[in-house]
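Here the structure comes first, spelled out in structure tokens, and everything after it is commentary.
Residue numbers (UniProt numbering), protein chains in the order written: chain A, 1 to 644; chain B, 1 to 201; chain C, 1 to 121; chain D, 1 to 312.
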């Protein structure tokens, strides 16, 4: 392979990307060397198995990916507002909407939520870490390297360009040769394995490591949403693993699953993809529901209304999510009977979702609402999400869907549910739990400014798209007819509003780091659940003594009784796992093998695979059982943290 | 975590770590069911789409398949005996039966490789049609699982020989046994829905 | 489960014999009997499910109390198999349309197949 | 602070209002301005559902505004109307489960009946046999074959009004979707498979048609024009094409199949169905076999700015 085929050439934007990547990387390397922080980075972060630190790394990576995906979105909006400028050509536009979709779903929404789960769930259930801390680190690095792999396609080898759904036969070897689609396949595969492992890990954690007394139906609602999400992950991700593997075998080893030749069946890809893809939508929306429930209950200063209904509606949504996948391709021509079945099952999801909306509204009834930034995100979610939800029901009506399908109406719908649901929740959750993670709050003024820019920008961007969709504008076109121009220009203006909102949000992180008051108590918001029972910053072992949590809103009950998580008489040595470099090394080797496979360098890929197997063997012989934190040490740490 | 060790019951469940790992593995197996069922679904949908390649009815031979099935069924049984020996506290019995299991597993693999080569000679390869792609991927994924299981068990045998029965080694042995039985479960479905139905229809 | 204290693994041997018998029975039903194809398929799939039950309950200690896992393994296996049914049956249900994959008689065969699918679910 | 909150509420109140306002202008939107019975039935369904959705939106927004305004923690509110332990009410929870369920059932009925209706030719022209047109997508153009008339057009289409058109959809290579928004919704075109789509125009006129499903670089430009004419005018056109258009040779057809964007329109006095039907198993890999290497070429397509716009 020649060098100019290896590196992407001929695009000013790509050259710009290359230069900025080189600059940022060298700046990071320089700073780390200058401040002699390499050892610190390795010991404290790269080898950590602490769920809180791993969660922070997840969130940081997700924010970076939000930036990348957001830039993609901006470029698309610029192109559509000024189609005559030829800012992007067709090929480049295809690449950008593909990476935008893939990154936002796989490398932004999921890691962001998994990051929050990582930090909060063990704290909420009174656990000292995950069930399998080593596996947790492994999951993170598999996500991280998967994301890196996907992102370098921008400068090396060329980005995938068949849409985030990567429909065959377009994405097959015949019609999309070269490494682009392989990047998509391997990037998703690598991070998908990590997600599956996280799902198992969190499920075992929640099922087996809850504080004594905390029955399943006493768990905080965010933990419940995590448990249900894990259930979906465990049953949905293997489908993606197989689908990706089949397409990889098709593309690299010449099989005929989804090809036009050899009697392959291209639509089988769509079938498998959406069998995973639809549950995936709920993987990113259920934790968001959990976050909103926590935030709303906290700042309404009131107990969550209809806790049991909330939990059961989530379980019902999870079950239904596996029964509706065909609504993504009603237009395939499967016949009126098949479409009727899936049309009805799709609309049924509206029922439990509606129940949740009304429960949140009822939580506000007879409450005392405090308009903090996380609460504003949660409140803005309710009306915005309802607009997305009702249009979802309309899309679920298969006969009408023939007109909505692949149009901007659909684009508007899923951005309304995914941004108003997931992205708002990420912001709400991050700002809500920020003091727990970093020991200081985010500035409220900048937070609200970011909120207004983002929320108004969001509606301005996507509300017109419903109408331009009804006017017959299909998705994924890189220029448009004059009739669609005015609404598209409005959309672009809105997108810039969202961009400014995000910029203010990021600035706020820096500003608050410099200026915010440091937290003295661990209970920043007068919280209700156990994560607020620990001091801030949270000691690495989380709880000095694990509380007996037999009440819903366990921390609220503890506060009433005057209990804390530091009972000097009950202290015992705490067993903790040791840090290890194995996860990052193993996944770096796996990324190397994947990279080789992307370019179809089979020998190198096999060498890499053997390397991964050797790392697994080493792990098998690893009998490091961790260490104990002695009682005196705990006392010292807790007294210092609590200012006793 | 390993602080509160239980005094009675099977060794592998006595530590909390052991319980967590075994439970986690059960959940992993549930994911494996979905993984294999996706392959089965692909196979079922692509059934009959052989293009110009031979049809399964022409190639499948009941004799080879039955031998493979009996080998794997027997290995599942010997694996069960190995766990029985472990619970009686006999390292020697455990190692002996585990080795028998592995030998049977290797025999199974040998037949499978022979079978694949035979089909390839007859013109049915991964590339020849959608049906054969699905067949080789389904059977091959199972074969790959068996191979990994054998490699994993060999590593475990070394640890058993070195350390004897501890909560950790017995936990690992138990998990491998779950894995091995599970591969048998998958094979039963491959035997039934791939080979038998392939020969009938 | 009292089985691990026993010297002689009765349960395993019963399970083993049963699984061999069921395998032979399935092979006979498929190849030696004159039953209609639909009956054969239904019959041998039932036999397969019974065999899986034997593996899970008699070999894999799925319901063991001491595991501390409670009903979780059982629950996950159950849902795993439900999902497997949804994936396989659902794929067949949705994917058996408008395709002409047979070589000789275009339309007829495919319609029959479609009807079969529909009546099956 | 307080000022901002009111500001926000005003915005939220504007949302449903703007919806009503925009709906009044909706008759100009293509999908809501159908020119045939298929599009009409889909429009009816959309409008029918829209009223329910609007109802739901108004109820939720009103409740939301009420809660947020009434129960905000303003200074001096005290503990009046504050019940921190209120955590459920079975009666009301049943109500808000059952009502959505009823709405879903109400929506399901017309959805299912419309679905089954769409699989048949529209009833309004039941006295006439549908006109069969094979619509084949190839990267990135459209072939329309009229087997009865034995003519074929590329990138444009003539249809008679008041007569059902039975489109037989297939593709030579990548997956596409035939979508003529003013006549009705889309269905996929796939190689080796054949989908049937019934459409009908009740008014004569020229309508935009396009590929609705992304299929690579030339996707944006894979459009065509539909000319709906009175039966007689249509017959004249058919006759004219038969007499004047050249014959399509297999060689020329193979060349046309090569991936490219084609601006011009073409007509032929025979159809390609004679040597290949891409909707059958035999025809599925016809284009791939001939042009496998051509799919690797990038076209570097840019928007060619034209004075009168591309779509005319």
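For each residue, glycine too, the CB sits at the ideal point set by N, CA and C.
The beta strand (DSSP E) enclosing residue 541 (chain A), as first and last residue numbers: In this chain, residue 541 (chain A) is not harboured by any beta strand (DSSP E), its DSSP state being neither H nor E.
Taking residue 27 (chain B) as the query, report the chain A residues whose CB atoms sit under 7 Å from its CB, ordered along the chain. Those within 7 Å of residue 27 (chain B) in chain A are 200, 203, 204, 234.
State whether the region 597–610 of chain A contacts the region 63–76 of chain A, with contact taken as three or more CB pairs (one from each stretch) at a distance under 8 Å. Touching, no.
How about residue 136 (chain B): is its C-beta nearer than 9 Å to some C-beta of chain A? Interface residue, yes.
Contact criterion: CB-CB distance below 9 Å. Does residue 187 (chain B) meet it with respect to chain A? Not a single CB atom of chain A sits nearer than 9 Å to the CB of residue 187 (chain B).
Between residue 129 (chain B) and chain A, is the shortest Cβ-Cβ distance under 9 Å, so that the two count as touching? Interface residue, yes.
Can you look up residue 186 (chain B) in the DSSP assignment and give me helix, strand or coil? DSSP places residue 186 (chain B) in helix when its eight states are reduced to three.
CB-CB under 8 Å to residue 147 (chain B), same chain, minus the five flanking residues each way: which ones, in chain order? Beyond the five residues adjoining it in sequence on each side, residue 147 (chain B) comes within less than 8 Å, by CB distance, of 109 in the same chain, given in chain order.
Residue 123 (chain D) - DSSP class collapsed to helix/strand/coil: Three-state result, residue 123 (chain D): helix.
I want to know whether the region 43–55 of chain B touches the region 24–42 of chain C - three or more CB-CB distances under 8 Å. With the rule of 3 Cβ pairs closer than 8 Å, the region 43–55 of chain B does not count as touching the region 24–42 of chain C.
Test: residue 30 (chain B) CB closer than 9 Å to a CB of chain C: Against chain C, the CB of residue 30 (chain B) has a partner CB under 9 Å away; the residue lies at that interface.
Selection of the region 470–484 of chain A by Cβ proximity to chain D, strictly under 8 Å: Sequence-ordered contacts of the region 470–484 of chain A with chain D read 470, 471, 472, 474, 475, 476, 477, 478, 479, 481, 482 [C-beta pairs closer than 8 Å].
With 9 Å as the threshold, decide whether the Cβ of residue 23 (chain C) is near any Cβ in chain B. For residue 23 (chain C), the answer is yes, since a Cβ of chain B falls inside 9 Å of its Cβ.
If we count Cβ pairs, one from each stretch, closer than 8 Å, do we get three or more for the region 26–42 of chain D versus the region 112–127 of chain D? Contact holds: three or more Cβ-Cβ distances are below 8 Å.
For residue 282 (chain A) and residue 236 (chain A), what's the separation of their Cα atoms in angstroms? Going from the Cα of residue 282 (chain A) to the Cα of residue 236 (chain A) covers about 11 Å.
Does the CB of residue 60 (chain C) have a neighbour CB from chain A at under 9 Å? False, the Cβ-Cβ gap to chain A never drops below 9 Å.
Applying the criterion that 16 or more other CB atoms from any shown protein chain within 10 Å of the CB defines a buried residue, is residue 30 (chain B) buried or exposed? Taking all protein chains shown into account, residue 30 (chain B) has 16 or more neighbouring C-beta atoms within 10 Å of its C-beta and is therefore buried.
Using a C-beta to C-beta distance shorter than 8 Å, which residues of chain C count as neighbours of residue 44 (chain B)? Correct list: 88, 91, 92.
For residue 410 (chain A), which residues from the same chain have a beta carbon less than 8 Å from its beta carbon, with the 5 sequence-adjacent residues on both sides left out? Excluding residues within five positions, the ones whose Cβ falls inside 8 Å are 395, 404, 469, 475.
If you compare alpha carbons, which of A:306, A:591, A:374, A:240 is closest to residue 85 (chain D)? Of A:306, A:591, A:374, A:240, the smallest CA-CA separation from residue 85 (chain D) is found for A:306.
Cross-strand partners of residue 154 (chain D) (DSSP beta bridge): D:143, D:266.
In chain order, what residues of the same chain have a beta carbon less than 6 Å from the beta carbon of residue 13 (chain B), not counting five sequence neighbours either side? Sequence-distant Cβ neighbours of residue 13 (chain B) in its own chain, meaning closer than 6 Å and more than five residues away, are 19.
Quick one: grab the DSSP three-state call for residue 518 (chain A). Strand at residue 518 (chain A).
Do residue 197 (chain A) and residue 142 (chain A) have their beta-carbon atoms positioned less than 9 Å apart in this structure? Yes; because the gap between Cβ atoms is below 9 Å, this pair is in contact.
Under 9 Å Cβ-Cβ, which residues of chain D neighbour residue 94 (chain A)? In chain order, 214, 216, 217, 219 make up the part of chain D whose C-beta sits under 9 Å from the C-beta of residue 94 (chain A).
By the three-class DSSP mapping on this structure, what secondary structure does residue 200 (chain D) have? Of the three classes helix, strand and coil, the one that applies to residue 200 (chain D) here is coil, per DSSP.
Just to confirm my understanding: we take residue 487 (chain A), look at its own chain, exclude 5 residues before and 5 after, and list those with CB closer than 7 Å. What are they? Excluding sequence positions up to five before and after residue 487 (chain A), its CB lies within less than 7 Å of the CB of 464, 467, 468, all in the same chain and listed in chain order.
The alpha helix (DSSP H) with residue 232 (chain D) in it runs from where to where? It spans 231–244 - the alpha helix (DSSP H) in which residue 232 (chain D) sits, taken as one unbroken run.
Which chain A residues are close to residue 177 (chain D), counting only those with a beta carbon under 8 Å from its beta carbon? Listed along chain A, the residues sitting closer than 8 Å to residue 177 (chain D) by beta-carbon distance are 331, 405, 406.
For residue 146 (chain B), decide whether its Cβ has a neighbour in chain A, counting only Cβ atoms nearer than 9 Å. So no, residue 146 (chain B) is outside the interface.
Give the DSSP-derived three-state secondary structure of residue 395 (chain A) in the structure shown. Secondary structure of residue 395 (chain A) (DSSP, three-state): helix.
Of the residues that make up the region 122–146 of chain A, which ones have a beta carbon closer than 7 Å to any beta carbon in chain B? So the close ones are 131, 132.
Below 8 Å on the Cβ atoms is my guess for residue 31 (chain C) versus residue 86 (chain B); work out the distance and round it to an integer in Å. In this structure residue 31 (chain C) is not in contact with residue 86 (chain B), their Cβ atoms being roughly 39 Å apart against a cut-off of 8 Å.
Hey, how far is the Cα of residue 617 (chain A) from the Cα of residue 78 (chain A)? The alpha-carbon atoms of residue 617 (chain A) and residue 78 (chain A) are separated by roughly 51 Å.
Nearest-angstrom Cα distance between residue 48 (chain C) and residue 160 (chain B)? Answer to the nearest angstrom: the Cα atoms are 34 Å apart.
How would you write the range of the alpha helix (DSSP H) that residue 246 (chain A) sits in, first residue to last? Its alpha helix (DSSP H) spans residues 221–253.
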